[in-house]
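Report on the structure given below.
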Amino acid sequence: MKTTPEFLLYADVVTVKEARDDWQLAQTYFAWVSDPDLVDFAIFWERAARLRYVYLLQCLRKEGYSLSPTEVIQLAVRQIS
Numbered sequence: 030m031k032t033t034p035e036f037l038l039y040a041d042v043v044t045v046k047e048a049r050d051d052w053q054l055a056q057t058y059f060a061w062v063s064d065p066d067l068v069d070f071a072i073f074w075e076r077a078a079r080l081r082y083v084y085l086l087q088c089l090r091k092e093g094y095s096l097s098p099t100e101v102i103q104l105a106v107r108q109i110s
């Protein structure tokens, strides 16, 4: 079972971090917009970004990784820095 960070591919870590960042950006955008059309867009963007992030975490779990979302993000920050 690949439960330790050293087996996690750099690309996987970066992809999860980018998905999380996109979700956070969508949440910020939703809080910022006031035009009804943009609010609709923000709602769809936030949902899509959240589902992508959750999907990527589920894929890692299916591959046997037992890292929490927080651990994946911490690992991404360490690898990118």
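If you read the sequence shown in this note's numbering, its first letter stands for residue 30, the second for the next number, and so on.
Even glycine gets a Cβ: it sits at the ideal position worked out from N, Cα and C.
Predicted model only: the values in this text are computed from it and were never measured.
Asked, Found
"CA-to-CA distance, L104 to K46, given in whole angstroms", "9 Å"
"Cβ pair V101, V42 closer than 8 Å", "yes"
"C-beta atoms of A77 and Y58 nearer than 8 Å", "no"
"Local Cβ density within 10 Å of L85, reported as buried at 16 or more and exposed below that", "buried"
"Same chain, Cβ closer than 7 Å to Q56, neighbours up to 5 away in sequence not counted", "E75"
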